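**Student:**
2 protein chains.
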Amino acid sequence: MTVSETCLLCKEHAAAIAYASEAQQNQMLGLAAEALCGNAGFLIRENAADVDACTRGEQFRDRLLLNEARIAGIAEGLRQLVHLPCPVGEIIGRHTAENGLSIEQVRVPFGVVGIIYEARPNVTADAIGLCIKSGNAVVLRGSGDAYRSNAAIVRVIKDALRAGGFDPEFIQLIEDRSHESAREFMRQKGVLDVLIPRGGANLIRTTLENAAVPVIETGTGNCHIYVEKTADAGMAKKILINAKTQRTSVCNACESLVIDRAALPMLNELASALTERGVVLVGDEEAQRACPSVLPAKEEDYFTEYLSLKLSVRTVEGVEEAIAWINAHSTRHSEAIVTSDARAAERFLREVDSACVYVNASTRFTDGFEFGFGAEMGISTQKLHARGPMGLRELTTYKYLIRGNGQIRR
Amino acid sequence: MTVSETCLLCKEHAAAIAYASEAQQNQMLGLAAEALCGNAGFLIRENAADVDACTRGEQFRDRLLLNEARIAGIAEGLRQLVHLPCPVGEIIGRHTAENGLSIEQVRVPFGVVGIIYEARPNVTADAIGLCIKSGNAVVLRGSGDAYRSNAAIVRVIKDALRAGGFDPEFIQLIEDRSHESAREFMRQKGVLDVLIPRGGANLIRTTLENAAVPVIETGTGNCHIYVEKTADAGMAKKILINAKTQRTSVCNACESLVIDRAALPMLNELASALTERGVVLVGDEEAQRACPSVLPAKEEDYFTEYLSLKLSVRTVEGVEEAIAWINAHSTRHSEAIVTSDARAAERFLREVDSACVYVNASTRFTDGFEFGFGAEMGISTQKLHARGPMGLRELTTYKYLIRGNGQIRR
């Protein structure tokens, strides 16, 4: 099938999930979870073909890999969705106009959600689960490197839904693995209601530049921690170590330390705690002078999401300069201030233009589960529709239902 | 200034409005309204130059024209915004996590809003007013045909703000009137937080195809009225006449009548009421047979937003076929059913995939003022962010403010 045929087929079957009851959604999630576990052997064999064919680095192959434990984890994720409330049908607002018209604003599914993503096959099942529980049909376009794994997951889930008496065609995987097909996918205006790219900076940039359908920009996080001059050194160290090293490959990890000139005496202690954990620091001349382990930074370092054990350091004079620096270099994801000064904290909260702004806490908390959503489709770094972690509610829109008895406009 | 310089200048001054108090916003609106009235002579002279240079049709020139009454109307619109509550600062959600982190979701302005629009100079002042009251900086890109009028309005408002002690540079008008500049405007990623096109179908399509920033699609309305077989003929006639003829040039006007085969006997009466008011009807063969005044329709008629005294007619067999027809041909703006059957009504409400779905009322009510928003930036026909009429709240986003005391992720 062509990309366009696949998307149209999905749209034609969108009603199968849009009008499913919550009990039916939950039944589908249970069937999908059970089928993934029951077909782990098949999934692992298909995945092995992808892994064997993969000529990219070890880290990439690791992200691609499926094994019994990972499949069990994916299935568990689907089962957890059963316990979350379906957002569809919520009455957001309701009023009766003077002329007697009843105007109701009701939450509804988007309709058809497109997901374009990279080599992690778990995204395939996650996205299907989130779309089932939010009433959305879904068209998936994964990486060519993971095609057999993705196709196997989709087949297992669709077979299970069909066997359970459901129409599974609201789930579609793009078969064409060419670059042209990705571009075609981004231009399915009138068919895809929203397109969500999940992956690295390149994928997201390409999607924004080429899409002719509404896009939710996700993921890249050049996150900053600002150590203000009144910061508690111990707290700064604890937060910085957590945000930089607890997990380096994630978008909410810290990539840049912004430090007050007056706080530079703390830098040696912060830096040695980081270098002990393998972190390489690059910074400006003042930071280098204050701390010999800081290497020279290039301009581009301050725009880089390393996703590895590297950290840029920038010296500033006070909260105003820190905010200006962060707003000029961040990706509007997550930034934190460490401070004992309540006024500095409130100014930072107000003026930093990012989805999640922290006082005295690690940026690693930017996450749908940590925020209590119970699930996550990604983290939006744009301001339209959703900002920060996106859960089930962020996968819906609304419509107005207006009931009258013959009203006309004067 | 180049487009990019203008947009950057606007962004640099965004704080001047983002952190203005509501009292300051209201003061600015009052100053702007007063200045427009006080400088009506200047505005009319500058506008006359645009109107004189305009070589397009009478309807176009009428939309372009400013006179004392229209200027007073524009000023009155600004004054009305004073009485609307500013949406910024609203706490949308708040909870404390088990680890003690306080997570607050707070409504904030977008930042920099781009507006690209056609020849109506009133949009210039409307957009400035809405952005002031929602805390947004605004970059305006009007039509070349209205350049002197727009520049005069912007100058009068900015001079008044400056004289009142405010920094007015959060308001910017693109000076470059070339087509390339429009395209460049649509690609100001990292500067424009959202771009809203206001105008005809061509402008909106071009914007969607070229933009690299988030867009809110607005306006085009191929709106349907479905006369179901149990419809009260008198009510159907009243609603149809209102929706088609009360004002033909607006997006919420009806463009297509969908009628049940069993309701065809009513068609003569409906058609003669419409033809009396100058409406030309085109329809399928069944409609032509049922009513001699119905001319043959072409396939493209059913996709056309006429914005004039013309109406397409399509015969269907029951509510399911009507819904499928409407979903395949509408622009997802506003559709109505006229019926006495509650089940047909509820099915129509549920399954018609449009921003506003009506039972027994005119589609003409899709409007920010009619919906009680007190203002309107346009009507969204996409599903991302806002759907249907957009008021002040729809010109905002949110951010998460997270306050801790040293929390790190485990």
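Chains as they are written, first to last, in this note's numbering: chain A, 135 to 544; chain B, 135 to 544. Using N, Cα and C, we set each Cβ at its ideal position, and we do this for glycine too. None of these values were measured; they are calculated from a predicted model.
#1: Is there at least one Cβ from chain B nearer than 8 Å to PRO348 of chain A's Cβ?
#2: Just to check my reading of the structure: TYR360 of chain B and ILE471 of chain B have Cβ atoms closer than 8 Å, yes? What is that Cβ distance to the nearest angstrom?
#3: Given a cut-off of 8 Å, decide if VAL247 of chain B and VAL272 of chain B are closer than it, judged by their beta-carbon atoms.
#4: If the cut is a Cβ gap below 9 Å, which residues of chain B does HIS217 of chain A touch?
#5: Is the beta carbon of THR416 of chain B sitting closer than 8 Å to the one on ALA456 of chain B?
#6: Compile a chain-ordered list of the residues in the stretch 346-376 of chain B whose CB is closer than 9 Å to at least one CB of chain A.
#7: Quick check on the burial criterion: 16 or more other C-beta atoms within 10 angstroms. Buried or exposed for LYS371 of chain B?
#8: Select from A:ILE305, A:LEU483, A:GLU202 and A:ILE205 the residue whose C-alpha is nearest the C-alpha of GLU146 of chain A.
#9: To the nearest angstrom, report how far apart ILE266 of chain A and THR258 of chain A are at their CA atoms.
#10: Counting contacts by CB-CB distance shorter than 8 Å, is ILE542 of chain B in contact with chain A?
#11: May I ask you to report which of helix, strand or coil DSSP gives SER315 of chain B?
#12: Considering only C-alpha positions, which residue in the set A:SER236, A:GLU362 and A:HIS467 is nearest to GLY506 of chain B?
#13: Using a cut-off of 9 Å between C-beta atoms, extract the partners of GLU343 of chain A located in chain B.
#14: Measure the Cβ-Cβ separation of ILE338 of chain B and THR364 of chain B and say whether it is below 8 Å.
#15: From the beta carbon of ARG498 of chain A, is the nearest beta carbon of chain B less than 8 Å away?
#16: Which of helix, strand or coil does DSSP assign to LEU218 of chain A?
#17: Counting only the same chain and skipping the five closest in sequence on each side, list residues whose C-beta sits under 8 Å from that of ALA231 of chain B.
#18: For the stretch 225-255 of chain B, which residues have a beta carbon sitting closer than 8 Å to at least one beta carbon of chain A?
#19: Which residues, in order along the stretch 507-535 of chain B, keep a beta-carbon less than 7 Å from a beta-carbon of chain A?
#20: PRO430 of chain B: buried (16+ other C-beta within 10 angstroms of its C-beta) or exposed?
#21: Using the DSSP secondary-structure output, state which residues sit across from VAL137 of chain B in a beta bridge.
#22: Would you list the one or two residues that DSSP bridges to HIS229 of chain B?
#23: Applying a beta-carbon distance threshold of less than 7 Å, which residues of chain B neighbour ALA327 of chain A?
#24: Could you check how far apart the C-beta atoms of VAL453 of chain A and ALA478 of chain A are, in whole angstroms? I think they sit under 8 Å.
#25: Taking only three categories from DSSP, how would you classify THR354 of chain B?
#26: Can you have a look at HIS358 of chain B and say buried or exposed, based on whether 16 or more other CB atoms are within 10 angstroms of its CB?
#27: Below 8 Å between beta carbons: does that hold for GLY522 of chain A and ALA489 of chain A?
#28: Can you tell which of A:ASN233, A:ARG317 and A:THR497 has the C-alpha that lies nearest to the C-alpha of GLY587 of chain A?
#29: So who's on the other strand from LYS533 of chain A, going by DSSP bridges?
#30: At 7 Å on the CB atoms, spell out the chain B contacts of TYR492 of chain A, in chain order.
#31: Excluding the 5 residues flanking ASN461 of chain B on each side, which residues of the same chain have their C-beta closer than 7 Å to its C-beta?
#32: What's the C-alpha gap between LEU165 of chain A and ILE151 of chain A?
#33: Helix, strand or coil: how does DSSP classify GLN306 of chain A here?
#34: So who's on the other strand from GLN541 of chain B, going by DSSP bridges?
#35: Taking only beta-carbon atoms, is ALA489 of chain A less than 8 Å away from chain B?
#36: Starting from SER446 of chain B, trace the beta strand (DSSP E) in both directions and tell me its first and last residue.
**Tutor:** In short:
#1: For the purposes of this step, residue 348 of chain A is taken as residue 214 along the first sequence, with counting starting at 1. Output row for PRO348 of chain A: interface = yes.
#2: Taking the second sequence and counting its residues from 1, the one referred to as residue 360 of chain B is at position 226. Taking the second sequence and counting its residues from 1, the one referred to as residue 471 of chain B is at position 337. That pair is a contact at about 5 Å.
#3: As a working mapping, residue 272 of chain B is identified with position 138 in the second sequence. As a working mapping, residue 247 of chain B is identified with position 113 in the second sequence. For VAL272 of chain B and VAL247 of chain B, yes; Cβs fall inside 8 Å.
#4: For the purposes of this step, residue 217 of chain A is taken as the residue at position 83 of the first sequence. Proximity of chain B to HIS217 of chain A at the Cβ level (cut-off 9 Å) is not reached, the minimal Cβ distance being about 17 Å.
#5: Position 282 of the second sequence holds residue 416 of chain B. Position 322 of the second sequence holds residue 456 of chain B. Sequence check: residue 416 of chain B is Val here, not Thr. Taking 8 Å as the Cβ cut-off, VAL416 of chain B and ALA456 of chain B do not qualify as a contacting pair.
#6: Cβ contacts with chain A come from ALA346, VAL347, PRO348, VAL349, ILE350, GLU351, ASP366, GLY368, MET369, LYS372, ILE373, ILE375 and ASN376.
#7: The count along the second sequence starts at 1 and reaches residue 371 of chain B at position 237. Per the 10 Å Cβ criterion, buried.
#8: Counting from 1 along the first sequence, the entry for residue 146 of chain A is found at position 12. Of the candidates A:ILE305, A:LEU483, A:GLU202 and A:ILE205, the residue whose Cα lies closest to the Cα of GLU146 of chain A is A:ILE305.
#9: On the first sequence, residue 266 of chain A is found 132 positions in, with the first residue counted as 1. On the first sequence, residue 258 of chain A is found 124 positions in, with the first residue counted as 1. Each residue's Cα considered, the two are about 12 Å apart.
#10: Along the second sequence, read from residue 1 onward, the residue named residue 542 of chain B stands at position 408. At least one chain A Cβ lies under 8 Å of ILE542 of chain B.
#11: Locating residue 315 of chain B in the second sequence gives position 181, counting from the first residue. It is helical.
#12: Position 372 of the second sequence, counted from the start, is the residue given in the question as residue 506 of chain B. The option with the nearest alpha carbon to GLY506 of chain B is A:SER236.
#13: Against the first sequence, residue 343 of chain A aligns to sequence position 209. Going along chain B in sequence order, the residues near GLU343 of chain A (Cβ under 9 Å) are ARG321, LYS323 and ALA346.
#14: Walking along the second sequence from the start, residue 338 of chain B turns up at place 204. Walking along the second sequence from the start, residue 364 of chain B turns up at place 230. The beta carbons of ILE338 of chain B and THR364 of chain B sit no closer together than 8 Å.
#15: Residue numbering aside, residue 498 of chain A sits at position 364 when the first sequence is read from its first letter. Taking CB atoms only, ARG498 of chain A has a neighbour in chain B less than 8 Å away.
#16: What you label residue 218 of chain A is simply residue 84 of the first sequence in a count that begins at 1. For LEU218 of chain A, the secondary structure class from DSSP, reduced to helix, strand or coil, is coil.
#17: The sequence position of residue 231 of chain B within the second sequence is 97, counting from 1. Only ILE237 meet the Cβ criterion.
#18: Within the stretch 225-255 of chain B, the qualifying residues are HIS229, ALA231, LEU235, ILE237, PHE244 and GLY245.
#19: For the stretch 507-535 of chain B, which is checked against every Cβ of chain A, the residues closer than 7 Å are GLN516, LYS517, LEU518, HIS519, ARG521, GLY522, THR531, TYR532, LYS533, TYR534 and LEU535.
#20: In the second sequence, the residue the question calls residue 430 of chain B occupies position 296. Exposed.
#21: The residue you call residue 137 of chain B lines up with position 3 of the second sequence. None, per the DSSP bridge assignment.
#22: On the second sequence, position 95 is the one that residue 229 of chain B refers to. As computed with DSSP, HIS229 of chain B is found in a beta bridge with B:ILE237.
#23: As a working note, residue 327 of chain A is residue 193 in the first sequence. As written in the sequence, residue 327 of chain A is Asp, which differs from the Ala given in the question. Those within 7 Å of ASP327 of chain A in chain B are LYS517.
#24: Residue 453 of chain A sits at position 319 when you count from the first residue of the first sequence. Residue 478 of chain A sits at position 344 when you count from the first residue of the first sequence. A Cβ-Cβ distance of about 5 Å is found for the pair VAL453 of chain A and ALA478 of chain A, placing them in contact under the 8 Å criterion.
#25: To locate residue 354 of chain B, count along the second sequence from 1; it is residue 220. Of the three classes helix, strand and coil, the one that applies to THR354 of chain B here is coil, per DSSP.
#26: Along the second sequence, one-based indexing puts residue 358 of chain B at 224. Answer is buried; the Cβ neighbour count reaches 16.
#27: What you label residue 522 of chain A is simply residue 388 of the first sequence in a count that begins at 1. What you label residue 489 of chain A is simply residue 355 of the first sequence in a count that begins at 1. Contact: yes.
#28: Limits of chain A in this structure are 135 at one end and 544 at the other, which puts residue 587 of chain A out of reach.
#29: Within the first sequence, numbered from 1, the residue matching residue 533 of chain A stands at position 399. Beta-bridge annotation (DSSP): LYS533 of chain A is paired with A:VAL240.
#30: As a working note, residue 492 of chain A is residue 358 in the first sequence. In chain order: ILE536 and GLY538.
#31: As a first step, residue 461 of chain B must be located in the second sequence, where it is residue number 327. VAL486 and ASP487, listed in sequence order.
#32: Residue mapping note: residue 165 of chain A aligns to position 31 of the first sequence, counting from 1. Residue mapping note: residue 151 of chain A aligns to position 17 of the first sequence, counting from 1. Between the C-alpha atoms of LEU165 of chain A and ILE151 of chain A there is a straight-line separation of about 15 Å.
#33: For the purposes of this step, residue 306 of chain A is taken as the residue at position 172 of the first sequence. Three-state DSSP puts GLN306 of chain A in a strand.
#34: The residue given as residue 541 of chain B occupies position 407 in the second sequence. BP columns for GLN541 of chain B point to A:ALA495.
#35: For the purposes of this step, residue 489 of chain A is taken as residue 355 along the first sequence, with counting starting at 1. Chain B, which has a Cβ nearer than 8 Å to the Cβ of ALA489 of chain A, makes this yes.
#36: In the second sequence, the residue the question calls residue 446 of chain B occupies position 312. Where SER446 of chain B is concerned, the enclosing beta strand (DSSP E) stretches over 444-450.
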